[in-house]
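Participant:
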Amino acid sequence: MTYLSCEFVENGMCFIHNAVVLCSFSMCMKFEAIRIIDEYKGELFDWEEVKKIKQEYRDRFAKGDIPEVCKDCPSLKEADWSGTMELKYMLINHWENCHADCVYCHTHENKKELNAMKPWKILPILKDALSKGMLSNNGNVNISGGEPTCLKEFGDLMKFFLEKTNIFIMLNTSAIDYSKYIKKAIEEGRSTATISLDSGTRETYKKVKNVDKFNKVIENIKKYKKGLPADKIHHIGMKYIFIPGYNDNKEELLSWLKLIEDMGLKNIQIELEHHWYEKNKYLPDNVKELIEIVIEFVHRNRCNLSYREILTALGYTAPIKYID
Ligand code: SF4
Ligand code: SF4
92 MTYLSCEFVE NGMCFIHNAV VLCSFSMCMK FEAIRIIDEY KGELFDWEEV
142 KKIKQEYRDR FAKGDIPEVC KDCPSLKEAD WSGTMELKYM LINHWENCHA
192 DCVYCHTHEN KKELNAMKPW KILPILKDAL SKGMLSNNGN VNISGGEPTC
242 LKEFGDLMKF FLEKTNIFIM LNTSAIDYSK YIKKAIEEGR STATISLDSG
292 TRETYKKVKN VDKFNKVIEN IKKYKKGLPA DKIHHIGMKY IFIPGYNDNK
342 EELLSWLKLI EDMGLKNIQI ELEHHWYEKN KYLPDNVKEL IEIVIEFVHR
392 NRCNLSYREI LTALGYTAPI KYID
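Throughout the sequence shown, residue numbering follows the numbering used here, covering 92 to 415 in sequence.
1) Are the stretch 160-169 and the stretch 94-104 touching by the rule of at least three beta carbon pairs closer than 8 Å?
2) From the DSSP output, in three-state form, read off N229 for me.
3) Can you give me the Cβ contacts of N231 inside the same chain, cut-off strictly under 7 Å, excluding the 5 residues immediately before and after it?
4) Starting from the C-beta of V389, find all residues in its chain whose C-beta is less than 7 Å away, skip the five residues before and the five after it, and write them out in chain order.
5) When DSSP labels each residue in this structure, what does R391 get in the three-state scheme?
6) Whole angstroms is fine: what's the gap from Y148's alpha carbon to M92's?
7) How about D364 and K323: are their beta carbons less than 8 Å apart?
8) If I'm right that E244 touches K212 with Cβ under 8 Å, what's the distance once you round it to whole angstroms?
9) Taking only runs that begin and end inside the stretch 185-215, name each unbroken alpha helix (DSSP H) of 4 or more residues, in chain order.
10) Let's see if you can read the secondary structure: which residues bound the beta strand (DSSP E) around D171?
11) According to DSSP, is A220 helix, strand or coil?
12) For L95 and L167, which I take to be in contact (beta-carbon distance under 8 Å), what is that distance rounded to the nearest angstrom?
13) Please determine if the stretch 291-301 and the stretch 320-338 are in contact, where contact requires at least 3 C-beta pairs separated by less than 8 Å.
14) If distances are taken between C-alpha atoms only, which option among A207, E387, S282 comes closest to H325?
15) For L221, which residues of its own chain have a beta-carbon under 8 Å away from its beta-carbon, when the five flanking residues on both sides are left out?
16) Report the residue ranges of all alpha helix (DSSP H) runs contained in full by the stretch 96-164; include only those spanning at least 4 residues, in chain order.
17) Does at least one heavy atom of ligand 2 sit under 7 Å from the Cβ of I115?
18) Label Y413 either buried or exposed according to how many other C-beta atoms from any shown protein chain fall within 10 Å of its C-beta, with 16 as the threshold for buried.
19) Report yes if the C-beta distance between A266 and I234 is below 8 Å; otherwise report no.
20) Quick check: the stretch 189-197 against the stretch 149-158, are at least 3 beta-carbon pairs closer than 8 Å?
21) With 16 as the cutoff for other CB atoms within 10 Å, does L135 come out buried or exposed?
22) CA-CA distance, Y269 and G155?
23) Along the chain, where does the alpha helix (DSSP H) that runs through N358 open and close?
24) Applying the 10 Å Cβ sphere with the 16-neighbour rule, what's the burial state of A409?
25) Do G291 and E343 have their CB atoms nearer than 8 Å?
26) Does N228 pass the burial test, meaning 16 or more other C-beta atoms within 10 Å, or should it be called exposed?
27) In three-state DSSP terms, what is S397?
28) Kindly indicate which three-state DSSP category T285 falls into: helix, strand or coil?
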């Protein structure tokens, strides 16, 4: 049956620390999410119940009754959505622990308490889904957190996806700690790892992240890149979130681009900081100029460029792709 819906409504599931929600996009864009299971702490599911809940949303979308938070979402598309409800698109985001303290992070206000939390285990749920035919063999999972390498289950989680499924893994990592699992997954072409350095210098990194780990991160990025064949280099993503007042100046951006050029990296992602945008609701002219510098760099160095949620919503809808 053809109707307007999205992959998360149909085949997705997102885990946050106390709930299962429909998707991550609305959390990034509007700081809210449709909670499909509340007060959740990692209990095994009755999958028939889960399917019933999800089916209610599918029916709503099929009738054109799109929830307010989903209206105008770029993920909506008209398609034949009559497939099964196997999980194909997942966000694993149920822990908050991280050794950085980025000024823009949702954990920033409550760092100490959130870092002290002990995350519940996700792996038994995934194994259960696999054994009950609820986990698709392909699709993608975004593991972001918190910092993935701080999660005790991280190694086992990576092994599970790599060995038991063909699901593609998308990681957001600070790269403060090096992980052999990340290296292996990138080498096998099964994962991307995106590192939001948000700076080109140690001083600005410290201001944004509140830790003095710039040099360590660069060293780890080089280790991830070392020995990678050319067709895997774009699996390392370099992200810059423009944070007005912190890193929205030409010198900083040029230093970041120089690092990327020197390391021979090819996947660039940019974004405007969400909280700033939520308060101000416009794209500053100086950031527009910085974006033009990035675009020029991308063409000159034949890189890929993607725009994250806010910039996409602000009209940057045409990513640049030199590498498949
Ligand atoms: S906000 Fe977008 S991605 Fe999320 S459930 Fe709604 S339509 Fe889907
Ligand atoms: S690295 Fe990620 S999880 Fe850690 S503080 Fe920064 S944004 Fe938050």
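C-beta: ideal position from N, C-alpha, C; glycine also.
Facilitator: The answer reads as follows:
1) yes
2) strand
3) Y180, I258, F259, M261
4) I359, L396, I411
5) helix
6) 15 Å
7) Contrary to the premise, residue 364 reads as Glu rather than Asp in this sequence. The answer is no: Cβ separation not under 8 Å.
8) 6 Å
9) 202-207
10) 168-171
11) helix
12) 5 Å
13) yes
14) S282
15) K255, T256
16) 98-102, 116-121, 138-153
17) With the sequence shown as reference, residue 115 is identified as Ser, and Ile is not the correct amino acid for it. No, ligand 2 has no heavy atom inside 7 Å of this Cβ.
18) exposed
19) no
20) no
21) exposed
22) 46 Å
23) Not the alpha helix (DSSP H): N358 falls in the beta strand (DSSP E), residues 358-363.
24) exposed
25) yes
26) exposed
27) strand
28) strand
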